[in-house]
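Read through the structure below, which is laid out as structure tokens, and then see the notes.
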Amino acid sequence: MKVIMLGAPGAGKGTQAKKIAEKYGIPHISTGDIFRANIKNNTELGKKAKMYMDKGELVPDSLTLDLIMDRFKEADCADGYVLDGFPRTIPQAEALDRALAENGEAVDHAINVEVADENIINRMSGRRACLSCGATYHIKYNPSRQEGICDTCGEKLILRDDDKPETVQNRLSVYHQQTQPLIDYYSKKGVLAEVDGTKDMEEVFRDIIAVLDK
Ligand code: AP5
Numbered sequence: 224m225k226v227i228m229l230g231a232p233g234a235g236k237g238t239q240a241k242k243i244a245e246k247y248g249i250p251h252i253s254t255g256d257i258f259r260a261n262i263k264n265n266t267e268l269g270k271k272a273k274m275y276m277d278k279g280e281l282v283p284d285s286l287t288l289d290l291i292m293d294r295f296k297e298a299d300c301a302d303g304y305v306l307d308g309f310p311r312t313i314p315q316a317e318a319l320d321r322a323l324a325e326n327g328e329a330v331d332h333a334i335n336v337e338v339a340d341e342n343i344i345n346r347m348s349g350r351r352a353c354l355s356c357g358a359t360y361h362i363k364y365n366p367s368r369q370e371g372i373c374d375t376c377g378e379k380l381i382l383r384d385d386d387k388p389e390t391v392q393n394r395l396s397v398y399h400q401q402t403q404p405l406i407d408y409y410s411k412k413g414v415l416a417e418v419d420g421t422k423d424m425e426e427v428f429r430d431i432i433a434v435l436d437k
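Residue numbers (the working numbering): 224 to 437.
Listed below in structure tokens is the structure:
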């Protein structure tokens, strides 16, 4: 099963993608997490990606596409994956379709997690992220057991640099310009499903399962 998570920054794509990956036994592939791991390890890719991410801009397709296409070649992708943060532009979506079509495959589901802009900034300021294992928490809606420490790997949790309100504002406008057109793109392909991302996390997950199990 090949699933794409769509939605504004902070809509809950990563939160839901992790649950989908666990339930269906497929990998959760987040381009944001891959870039952040590269930044943490101070790689050349990380240095380049950081310049864009810190401003809330998209990393250029030329850097993103090779990275994701290589990831698809790994053995754990044989039965599909849930993509979180990719594709993010029409050229990325077209590149994904071309790569899948080479093997007679296509995207099965594109899930749009809908949350209005006004809810997003509040959510982002409360998010805490683990740069080690990619786990995500929220100080109010999904707190870690011990404040500031990741439940999964015990590393320190941080407020992401790009979660500051002024950067979130720019990420939202980049989203509306460059990523929102994908909703129409996948709707035309007949694979789009919309879920209300303002509900409780478990309710959102139930709505997604209802789509995937249909
Ligand atoms: P990326 O890491 O993909 O960030 P994003 O898309 O902006 O999404 P987020 O991770 O911020 O949010 P999310 O929707 O996953 O929400 P989450 O589940 O954490 O990308 C970062 C940057 O990398 C981009 O700006 C770009 O520069 C670059 N990049 C990445 N991919 C790229 C690509 N393909 N091309 C080019 N550039 C790329 O939830 C948010 C918070 O809300 C959490 O605290 C969570 O606990 C809480 N929450 C979740 N659900 C609920 C709920 N139902 N109720 C209450 N709280 C909730």
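We put the CB at the ideal spot given by N, CA and C, even for glycine.
- Inclusion of ARG394 and GLY279 in the CB contact set at 7 Å is warranted, their separation being smaller than that value.
- The beta carbons of ALA272 and VAL338 sit no closer together than 7 Å.
- Distance from ARG429 to ASP386 at the Cβ level is roughly 27 Å; contact not present, criterion being Cβ atoms closer than 8 Å.
- In this structure, the CA atom of ALA318 is about 19 Å from the CA atom of HIS251.
- Proximity to LEU405 across ASP320, ARG346, ASN264 and THR287 peaks at ASP320, based on C-alpha coordinates.
- Here ILE249 is near GLY303, since their CB atoms are less than 7 Å apart.
- Relative to the ligand AP5, VAL434 has its C-beta separated by 6 Å or more from all heavy atoms.
- Using a Cβ distance threshold of 7 Å, ASN335 and GLY230 count as a contacting pair.
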